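In what follows, a single structure is set out as structure tokens and then discussed.
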Amino acid sequence: MAMQWGKWMAAVLAAGAGLVASPSPPCGGPPDLERGGAYDALGVWFAERQQLACAVSAFESAVRAQPSQALPHFHLATVYARQQRYRESATQYRETLRLDPGNDEARTALVKALLYLREYGEALPWIEEYARRKPDDFEANALLGAVYRGSGRYAEAEPALERAARLKPADFNVQYHLGFVLARTGKPELALPHLEKALELDPGSAEARFQLASVLRALGQKERAQQELAAIGRQKQESVRQDVAGTKAARASQYLEAGDARKAAAAYEEALREDPSNARTWYDLALARARLPDQAGERQALERAVALDPKLALAQNQLGLLDLEDGRAAQAEKHLRAALEVDPHFAEALSNLGVLYGQQGRNEEAEKLFRQAVESNPRYAQAFVNLALVLGAQGRFAEAEAAAQNAARLDPNAAALTALGMLQTRLGKSGAAIRNFRQVVALNASSAEAHLNLGIALADHFELEAALAEFSETARLAPGAAAAHYNRGRALLDLRRPEEARTELETAVNLAPRNAAALYLLGLAEKQMDHPERSAELLQQAVAIDPNHSDAQYLLGQDLARLGRTAEAVAHWKKAVELRPDHAEALYNLARALRQTDAGAARQYQERFTALQQQRRIADRAETLGNFALASAAARDIPQAVAQFREALAVCGECRSRGDLHKNLGLVYCRSGDLKNGRAELVEARRLKPHDADVGRALEILDSLAAQGTGAGKQ
29 MAMQWGKWMA
39 AVLAAGAGLV
49 ASPSPPCGGP
59 PDLERGGAYD
69 ALGVWFAERQ
79 QLACAVSAFE
89 SAVRAQPSQA
99 LPHFHLATVY
109 ARQQRYRESA
119 TQYRETLRLD
129 PGNDEARTAL
139 VKALLYLREY
149 GEALPWIEEY
159 ARRKPDDFEA
169 NALLGAVYRG
179 SGRYAEAEPA
189 LERAARLKPA
199 DFNVQYHLGF
209 VLARTGKPEL
219 ALPHLEKALE
229 LDPGSAEARF
239 QLASVLRALG
249 QKERAQQELA
259 AIGRQKQESV
269 RQDVAGTKAA
279 RASQYLEAGD
289 ARKAAAAYEE
299 ALREDPSNAR
309 TWYDLALARA
319 RLPDQAGERQ
329 ALERAVALDP
339 KLALAQNQLG
349 LLDLEDGRAA
359 QAEKHLRAAL
369 EVDPHFAEAL
379 SNLGVLYGQQ
389 GRNEEAEKLF
399 RQAVESNPRY
409 AQAFVNLALV
419 LGAQGRFAEA
429 EAAAQNAARL
439 DPNAAALTAL
449 GMLQTRLGKS
459 GAAIRNFRQV
469 VALNASSAEA
479 HLNLGIALAD
489 HFELEAALAE
499 FSETARLAPG
509 AAAAHYNRGR
519 ALLDLRRPEE
529 ARTELETAVN
539 LAPRNAAALY
549 LLGLAEKQMD
559 HPERSAELLQ
569 QAVAIDPNHS
579 DAQYLLGQDL
589 ARLGRTAEAV
599 AHWKKAVELR
609 PDHAEALYNL
619 ARALRQTDAG
629 AARQYQERFT
639 ALQQQRRIAD
649 RAETLGNFAL
659 ASAAARDIPQ
669 AVAQFREALA
679 VCGECRSRGD
689 LHKNLGLVYC
699 RSGDLKNGRA
709 ELVEARRLKP
719 HDADVGRALE
729 ILDSLAAQGT
739 GAGKQ
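Count along the sequence shown starting at 1, add 28, and that's the number in this note's numbering.
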């Protein structure tokens, strides 16, 4: 009762195309680092990916684990500085220098932190010692000049800043500080070119523009000075406007976080009226509109965002997702590639491009992208789900299961657990699949698909009554879904309740008239109720839709033969043999049916049948009946299969096939829900075949059911 793997995989891949931008993942890194406790390496990994809070946590653990090692202190100080936690940063840099006095990188970083804190007296001895050792070093002179300037020691700052300006004339800070110092020491004519250069390097610096205006006024250039002051006024107005817009955008973000998308969208729109050129605010507006939902408005906002900033990877990725949903593959690929050009390690964009390729059947390319996504972000569960799906589509089920297990470990959501359960079903791990599908049902009890998947796994585990209950719930939740009624019908058929099965299968056929599998089972139900005319009619519809359905061809032949339409029956048996050359029952029936009308053909079919029997080492009638029983079981004609196995055992006596006959009869009983007789037959099979893996596995399943109190008691 396994689902069609390719269709299921394609459906879940298609669902993956609807992903939205994910929040920052929780702390956690590459499994090999986490297991080894390499906190410092883990912190570096986080810092490289801009996950600063996680990096701090890792480096703090590293410091606790290795307090006498300088490097963890240095790394922690650096991340603190990136978070603008300058006082904590300075403390860690001091500890680094205590443990490693020769670390000049830590020394200059400490001076910079102290400059931010305006602790010039504390910074001075650190930088003076460094500048004495490296008099021609740019950073030594620039920092020394900045510390002297902050301390008001302008005369001492001037030579250090002049040396720095000669070494790197394109540095804004040096040009600005030197111009400031020269102006304070009464040298406006010398200050002027340095302040002009500073403003050229950073036209948005109000401080540099104000100092330039002061110098121009001191030099008598009042009109130009007034122009610079007017420009400062305009900059201040723009700054205020941006601050207002920023405040409104921050309030909008609070609304969005609280789940009020409508208020968030309105607040973002207010912010954009103040600052319409802010690409990030347009992107945030798009996210708010997506939650309304307002796809047209979302797309409009995203297009404005990328028009203002083509390098805004988040917006490019989101536009790619919208194009995926709309089936615009070329546009989706364009936007996703644009996101990856900006950030080649953007896990969501890598995964989403992989989804696109998976939908196009480009499985190898999709797999490569999913692997890159999980390497870039080992906490990104959806990428592991997608990797599992694309591996499953290639028949690499063991690898796919491992990827799905990673996804479920990271985020046990419905998609991850469903993928894992599907793979475990395919691998014959029905018990594990059931546990995962039960979790999916617990997460979303109103999901018809969740109940359907659980029912399929239960049926594979011989729990037909439980499976029927799940299929019934599927039909209740989705009465218009043909799959719900089809699966309920075949469960009822396996439970030997053909009248009830007929009702469900008729509903399935009405909902999906071209479902050959449903027509076949409906025909089988009618046959079991001794309605050969109706059975033949349904099976003819089934083979008209799917001429390659060998079981339907064979069963149709049986019905037609019973109705006295031997010539038509022969035609369908021939088709069954054409489709399945090892179809023993069809060969046997052809040999018997053609004896009177075409002795030569009958002889050929008999020879093929005999050769097939020899190939399978079938030596007597008992084994023939056993194989017929297997064919009946494969065609889901359970009563016929049981009768044939019983006849085979009676003929067999103590023959060499007795163990296989008991095993197969036991499995058929279990499949039909008769677990008591199933266990009895399997116990006898184990006595005769103590090392048979199938028997052992089946009895283990029955033992687990007995432990759960489902009626399969031990003997």
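All C-beta atoms in this analysis are idealised placements derived from N, C-alpha and C, irrespective of residue type, glycine included.
All values derive from a computational prediction rather than experimental measurement.
Self-check item: For VAL383, the nearest candidate out of PRO406, ALA357 and VAL370 (CA to CA)
Solution: ALA357
Self-check item: Euclidean distance between Cα positions of ALA519 and ALA595
Solution: 34 Å
Quiz item: Whole-angstrom Cβ separation of LEU172 and ALA159, contact assumed at under 8 Å?
Solution: Right, their Cβ atoms sit about 5 Å apart.
Quiz item: LYS555 by DSSP, collapsed to three states: which one?
Solution: helix
Quiz item: Can you tell me whether TYR144 is buried or exposed, with buried defined as 16 or more other CB within 10 angstroms of its CB?
Solution: exposed
Quiz item: Expressed to the nearest angstrom, what Euclidean distance is found between the alpha-carbon atoms of ARG437 and GLU116?
Solution: 35 Å
Quiz prompt | Cα-Cα separation between VAL723 and LYS717, rounded to whole angstroms | solution = 8 Å
Practice problem: Between the Cα of ARG530 and those of ILE666, SER563, ALA639 and GLY508, spot the shortest distance and give me the residue it belongs to. | Solution: Cα-wise, what sits closest to ARG530 is SER563.
Quiz prompt | N- and C-terminal bounds of the alpha helix (DSSP H) containing SER660 | solution = 649 to 662
Quiz item: Going straight from the alpha carbon of ASP60 to that of PRO406, what length do you get?
Solution: Below a pLDDT of 50, predicted positions are generally treated as unreliable, and ASP60, at 41, falls in that range; the measurement from the model is reported next regardless. The alpha-carbon atoms of ASP60 and PRO406 are separated by roughly 11 Å.
Quiz prompt | Beta-carbon proximity of ALA746 to ALA630, cut-off 8 Å | solution = In this structure the chain extends from 29 to 743, so residue 746 is not present and cannot be described.
Practice problem: Taking only runs that begin and end inside the stretch 96 to 143, name each unbroken alpha helix (DSSP H) of 4 or more residues, in chain order. | Solution: 98 to 110 and 114 to 127
Quiz item: Between ILE573 and the rest of its own chain, which residues show a CB-CB distance below 6 Å, the 5 nearest in sequence each way excluded?
Solution: So the qualifying residues of the chain are ARG542 and ALA544.
Quiz item: Once you ignore the five residues that flank ALA293 on each side, which residues in its own chain have a CB closer than 7 Å to its CB?
Solution: So the qualifying residues of the chain are LEU313, ALA316, ARG317 and LEU320.
Quiz item: Residue ranges of each alpha helix (DSSP H) run of no fewer than 4 residues wholly in the stretch 434 to 483, ordered along the chain?
Solution: 442 to 454 and 458 to 471
Self-check item: Beta-carbon proximity check, ALA509 vs ALA478, cutoff 8 Å
Solution: no
Exercise. Indicate whether ASN414 and SER379 have their beta-carbon atoms separated by less than 8 Å.
Key: yes
Quiz item: Whose C-alpha, out of ASP439, HIS205 and ALA735, is nearest the C-alpha of ALA192?
Solution: HIS205
Quiz item: Hey, out of ALA639, LYS602 and ALA580, whose CA is closest to ALA663's CA?
Solution: ALA580
Quiz item: Can you tell me whether ALA280 is buried or exposed, with buried defined as 16 or more other CB within 10 angstroms of its CB?
Solution: buried
Quiz item: Is the beta carbon of ALA487 less than 8 Å from the beta carbon of ALA495?
Solution: Closer than 8 Å, so yes.
Self-check item: Alpha-carbon to alpha-carbon, LEU445 and GLN467
Solution: 8 Å
Practice problem: Determine the DSSP secondary structure at GLN32, reduced to helix, strand or coil. | Solution: The predicted position of GLN32 is uncertain, since its pLDDT is 34 and thus under 50; no value can be drawn from it.
Quiz item: Taking buried to mean at least 16 other C-beta atoms within 10 Å of its own C-beta, is HIS719 buried or exposed?
Solution: exposed
Quiz item: Quick one: Cα of LEU336 to Cα of GLN344, how far?
Solution: 12 Å
Quiz item: What three-state label does DSSP hand GLN736 in the structure shown?
Solution: Residue state, collapsed to three classes: coil.
Self-check item: Neighbour-count burial assignment, GLU326, 16 or more Cβ in a 10 Å radius
Solution: The residue is buried, with at least 16 neighbouring Cβ atoms inside 10 Å.
Quiz item: For ALA93, is the classification buried or exposed, using 16 other Cβ atoms within 10 angstroms of its Cβ as the cut-off for buried?
Solution: exposed
Exercise. May I ask which residues mark the beginning and end of the alpha helix (DSSP H) holding CYS82?
Key: 80 to 93
Exercise. Assign GLY701 to buried or exposed, taking buried as 16 or more other Cβ atoms, counted over all protein chains shown, within 10 Å of its Cβ.
Key: buried
Self-check item: Helix, strand or coil at GLN249 according to DSSP, with G and I counted as helix
Solution: coil
Quiz item: Between ASN464 and ALA421, is the Cβ-Cβ spacing less than 8 Å?
Solution: no
Quiz prompt | VAL598 beta carbon less than 8 Å from that of ALA612 | solution = no
Quiz prompt | Anticipated Cβ contact below 8 Å, LEU227 with ALA236, distance rounded | solution = 5 Å
Quiz prompt | Cβ-based burial, GLY592 [other Cβ within 10 Å; buried from 16] | solution = By the 10 Å Cβ count, GLY592 comes out exposed.
Self-check item: Three-state secondary structure assigned by DSSP to GLN255
Solution: helix
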